[in-house]
Structure formats: C-alpha cells, structure tokens
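Chains as they are written, first to last, in our numbering: chain A, 467 to 580; chain B, 41 to 155. Below: one structure, written as structure tokens.
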C-alpha cells in the first residue's frame, strides 16, 4: 500500500491562509478523504471531509483534483489557536479481502506566530 | 468532549504483561476503531468493528486482539507486552461503516507505558 504523505511542518502568521497537501496515490474508488486536527495529548478532531472537487465548511475548505491522488486542506485565516498537527485520513481497499484499511497521513505540524 | 470515553487514562505495566483497554462509543454509533500513536510511527490504524463484527484490520499485531460487545462498547487486549508497545491508544466511533461519509469521533486516549 502506498504511503500517505504530508509535509512535516509549516510556519505561518496570524491572518494568513494556509494550505496543507496530502498525497494518497492508492485511494480506493469509493473512499472519502478526511482531515483531522490534533492538539498535544488529545484525540484528533474532525475538520472536513470530501470525495471530489471542493468542499467548504465554517472552518476550512478541501480541494480534491479529478484524479483524487492528492487533497489540499485550506485554512482561510489562521489564528494562534490553529497551531496543531493536521492529518489526512483515507481508506485503502485491500483487493484480496474487500476490507478497507484506514491510513493516516504522516501529519503536518503547523505553527502560527503573531 | 467527543462523547467517546476511554478507560483507563494512564496505564503503567511491565514487559510480558497483559492489559485491557476499554472504549465506549458515542450514543448511536455502531462502529468502533482502534488506533495506536507512537512518536516514531505516527497514527496507525489497528482494527475496526461495526455492530459487533470485525470490519477492517490494519497493522494489528497477533499479540493484540479486540472485540465489540452487544452493548457496542469495545475492548482492546494487548498481551506479552514489549517496550515498543508504549504509546497512546485512541478509540474512535462513527455512525456507520467506513467508506462513505463517516466522521469519526475520537476519545481522549489511553497512555500505555511498558517498563
């Protein structure tokens, strides 16, 4: 199974737009892409989920190209409280069993400075 | 508060021992997922149950096992513990099986330390 990769870290300033990309070459046909935020010593928290094109909610946008081999989480105007680790999560179907294996990306540590 | 509860919060044990981690999903959620998070491996999916049946299996070692009970709570059993099993273990729950729109809600985790 291909690895799901993300940049290790990103730095930004308050008020800026931040885009974090995840590469997922082996995504299965009917799998969704989900992004999570995690603060230290806490469980991941859902941000946004999508299947194709663009999805927007009150906190973020998710861009997925037609081939779905990558996705980009966009945080429009970050604040200090957005400093966290961001993970993408995709399902990868195992051809021999039909089961899905859920694979988290490697995680991107975002640091927002004043 | 996600609505998912995990016990215990912390667990310290010795190599070779066996422990059981417990998870109660959100009310109404039928799926339970278990994940391991360590510094060098990141977040690793272990196993998923849906309405009592095993649904998907990830990088779960043979020394580990899990089950989901009729009341939908789940237990993760870790045996013959090794130092490398020290990690944060998260449980998550969702309404349906994975594959479609399926937001997972994560518990606060159990921190396991193997000495």
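We put the CB at the ideal spot given by N, CA and C, even for glycine.
In this structure, does DSSP put residue i in helix, strand or coil?
{"i": "residue 121 of chain B", "result": "coil"}
{"i": "residue 547 of chain A", "result": "helix"}
{"i": "residue 499 of chain A", "result": "strand"}
{"i": "residue 67 of chain B", "result": "coil"}
{"i": "residue 588 of chain A", "result": "Here chain A covers residues 467 to 580 and nothing more, so residue 588 of chain A does not appear."}
{"i": "residue 89 of chain B", "result": "strand"}
{"i": "residue 146 of chain B", "result": "strand"}
{"i": "residue 44 of chain B", "result": "coil"}
{"i": "residue 80 of chain B", "result": "coil"}
{"i": "residue 126 of chain B", "result": "coil"}
{"i": "residue 136 of chain B", "result": "coil"}
{"i": "residue 557 of chain A", "result": "strand"}
{"i": "residue 109 of chain B", "result": "coil"}
{"i": "residue 471 of chain A", "result": "strand"}
{"i": "residue 60 of chain B", "result": "strand"}
{"i": "residue 574 of chain A", "result": "strand"}
Which residues in chain E have a C-beta closer than 8 Å to the C-beta of residue i? List them in chain order.
{"i": "residue 42 of chain B", "result": "Protein chains in the displayed structure are A and B, and chain E is not among them."}
Can you check whether the CB of residue j is closer than 8 Å to the CB of residue i?
{"i": "residue 2 of chain B", "j": "residue 155 of chain B", "result": "Chain B is shown from 41 up to 155; residue 2 of chain B falls before or after that span and cannot be answered."}
{"i": "residue 116 of chain B", "j": "residue 104 of chain B", "result": "yes"}
{"i": "residue 146 of chain B", "j": "residue 509 of chain A", "result": "yes"}
{"i": "residue 62 of chain B", "j": "residue 113 of chain B", "result": "yes"}
{"i": "residue 567 of chain A", "j": "residue 98 of chain B", "result": "yes"}
{"i": "residue 498 of chain A", "j": "residue 512 of chain A", "result": "no"}
{"i": "residue 478 of chain A", "j": "residue 539 of chain A", "result": "no"}
{"i": "residue 572 of chain A", "j": "residue 472 of chain A", "result": "yes"}
{"i": "residue 72 of chain B", "j": "residue 121 of chain B", "result": "no"}
{"i": "residue 546 of chain A", "j": "residue 537 of chain A", "result": "no"}
{"i": "residue 532 of chain A", "j": "residue 514 of chain A", "result": "no"}
{"i": "residue 106 of chain B", "j": "residue 89 of chain B", "result": "yes"}
Across which residues does DSSP place residue i in a beta bridge pair?
{"i": "residue 50 of chain B", "result": "B:151"}
{"i": "residue 102 of chain B", "result": "In the DSSP output, where bridge partners are listed per residue, residue 102 of chain B has none listed."}
- [ ] Tell me the start and end of each unbroken beta strand (DSSP E) in the stretch 479-537 of chain A that is at least 3 residues and wholly inside, in chain order.
- [x] 484-489, 499-504, 511-516, 519-522 and 527-530
Task: Residues within the stretch 471-505 of chain A neighbouring chain B, beta-carbon criterion of under 9 Å - done: 494, 496, 497, 498, 500, 502 and 504
TODO: Output, in sequence order along the chain, the residues in the stretch 98-109 of chain B whose CB is closer than 8 Å to any CB in chain A.
DONE: 98
Task: Residues from the stretch 117-150 of chain B in contact with chain A, defined by Cβ distance under 9 Å - done: 128, 130, 131, 132, 137, 138, 139, 140, 141, 142, 143, 144, 145, 146, 147, 148 and 149
Task: Contact list for the stretch 525-548 of chain A against chain B, Cβ threshold 7 Å - done: none
Open item on the list: Along the stretch 76-95 of chain B, where does the CB come closer than 8 Å to a CB of chain A? Name the residues.
Closed with: 82, 83, 84, 85, 88 and 95
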